[in-house]
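Read through the structure below, which is laid out as structure tokens, and then see the notes.
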Amino acid sequence: MNTSICLIRHGETAWNAVRRLQGWQDIELNETGLQQAHALQRHLSSPAFDMRVDAVFSSDLRRASETARLACRHWDLPVQTDAGLRERGFGVLEGQPWDAAGRHGPDQPGNTVDIDYAVEGGESLRQFQARVLGCFEKLAAGHPGKNLLVFAHGGVIDMVWRRLNGQALNAKRAHAILNTSLNYFSIDPALNWTTRAWGQLPHLEQALDEAP
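Each residue of the sequence shown is one higher than the one before, starting from 3 at the first, in the numbering used here.
See below:
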């Protein structure tokens, strides 16, 4: 039986706002991120969200696990953390501006990028994707026929998107990955991955419509 997954990016952090490499640094949500998590909770607890949720998983980094706890507080479900869902490790570059990573940083893939290059203490793109995809396939194997809510990071969502769309690790990604966006896909027992919907933000669009 297929495992259905709703993959959600964490809310905004102060480092997101100024485009600093976070990687494995344990940065908490900023005020905007907290507001996004609360808006997400209102959506998940409303009739507009019609997916039955059997289990909630999150990266063990605070920006993801805090988003998960706030957004899922209406359910009697524990937030189960897994380090396999962490953002890509950027090693000695963490805390630096995105530009410090040059062509090896976030949102910079192109056909000249060495997907096996890893900065000191960090991960290559190939290592990162292998970790992420292995984690999701492990979750699917352990929860056949279940619906999972998974909270993670922009880089994680990018790795999943590439797997779903057959995109190379050094191919340019044309779309942004927004904080608290919802991304739906499934994995079957033969490890076939299928997209259902991508980059959904109904909770933030509603919040904008209701603003004075």
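Backbone N, C-alpha and C define an ideal beta-carbon position, used for all residues, glycine too.
In the structure shown, P99 falls within a strand segment according to DSSP collapsed to helix, strand and coil. In the assembly as shown, N181 is a buried residue. Its beta-carbon has 16 or more other beta-carbons within 10 Å. Exclusion of the five residues before and after S60 leaves A66, S67, A70, V81, T83, F153 as the residues of its chain whose Cβ lies within less than 6 Å of its Cβ. With respect to the C-alpha of I7, the residue from V58, W100, Q37 having the closest C-alpha is V58. Scanning its chain for C-beta atoms nearer than 8 Å, with the 5 sequence neighbours on each side dropped, one finds around A16 the residues I29, N32, in chain order. Less than 8 Å separates the beta-carbon of L23 from that of L95.
When rounded, the separation of the alpha-carbon atoms in L171 and N4 is 26 Å.
The beta carbon of I189 sits closer than 6 Å to those of T5, A142, W195, all from its chain and outside the five residues before and after it, given in chain order. Taking 8 Å as the cut-off, the Cβ atoms of Q43 and G13 do not count as close.
By the beta-carbon neighbour count (other beta carbons within 10 angstroms, threshold 16), E122 is exposed. For L87, the number of other beta carbons within 10 angstroms of its own is at least 16, and it is reported as buried. For V94, no alpha helix (DSSP H) encloses it, and the DSSP letter there is neither H nor E. One Cα belongs to P191, the other to P146, and the distance between them is close to 8 Å.
Going by DSSP, R65 is part of the alpha helix (DSSP H) stretching over 64-73. Residue pairing by DSSP places W195 opposite I189 in a beta bridge. The alpha-carbon of T197 is positioned some 21 Å away from that of H45. Counting only the Cα atoms, R54 lies some 31 Å from A176.
Its Cα nearest to that of W100, the residue G25 stands out among I10, H205, G25.
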